[in-house]
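Shown next, in structure tokens, is the structure this report addresses.
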Amino acid sequence: MSITYTYEIIVVNETARCMEVVYSAEGHQTMHIGARLPFEGEALEDVIKSFAPVPLWIERATPVVAPQVGAKGTIKPPAPVAPEPEPETPELQ
7 MSITYTYEII VVNETARCME VVYSAEGHQT MHIGARLPFE GEALEDVIKS FAPVPLWIER
67 ATPVVAPQVG AKGTIKPPAP VAPEPEPETP ELQ
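Position one of the sequence shown corresponds to residue 7 (my numbering), numbered consecutively onward.
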């Protein structure tokens, strides 16, 4: 699912290195999000995209299935996989 949205920066606080951004998308709740300021050399749009509430909007639009009250179960996590040893590098003389 792709959501087209608009944004408006309504507050910038250089001392605190943050800004408040209002995100809007048709059919979705308008969101006020606190975001960091872009670093030197970083595009504003990259920061805006990284803080966009698109995953939240998608989650809120996805139908849910309610479980039965009193449902129980046991979950056994998989055993951790041991890392493979790194091959030895021959020493140079």
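Glycine included, C-beta positions come from ideal geometry on N, C-alpha and C. Note that the structure is predicted; figures quoted are calculated from it, not measured.
Span separating the alpha-carbon of residue i from that of residue j
i, j, result
"Phe57", "Phe45", "14 Å"
"Arg42", "Thr12", "18 Å"
"Ile54", "Glu26", "10 Å"
"Leu62", "Ala72", "19 Å"
"Ile64", "Met7", "7 Å"
"Pro91", "Pro83", "24 Å"
"Ile15", "Thr68", "28 Å"
"Pro93", "Ala85", "24 Å"
"Val75", "Arg66", "22 Å"
"Ala49", "Thr80", "47 Å"
"Ala22", "Val87", "42 Å"
DSSP-derived helix/strand/coil call for residue i
i, result
"Glu65", "helix"
"Val17", "strand"
"Phe45", "coil"
Residues that DSSP places opposite residue i in a beta bridge
i, result
"Thr12", "Ser30"
"Ile39", "Val27"
Selection from the options that minimises the alpha carbon distance to residue i
i, options, result
"Val60", "Gly47, Thr95 and Thr36", "Thr36"
"Val18", "Ala88, Glu94 and Val28", "Val28"
"Thr10", "Ala31, Val75 and Thr95", "Ala31"
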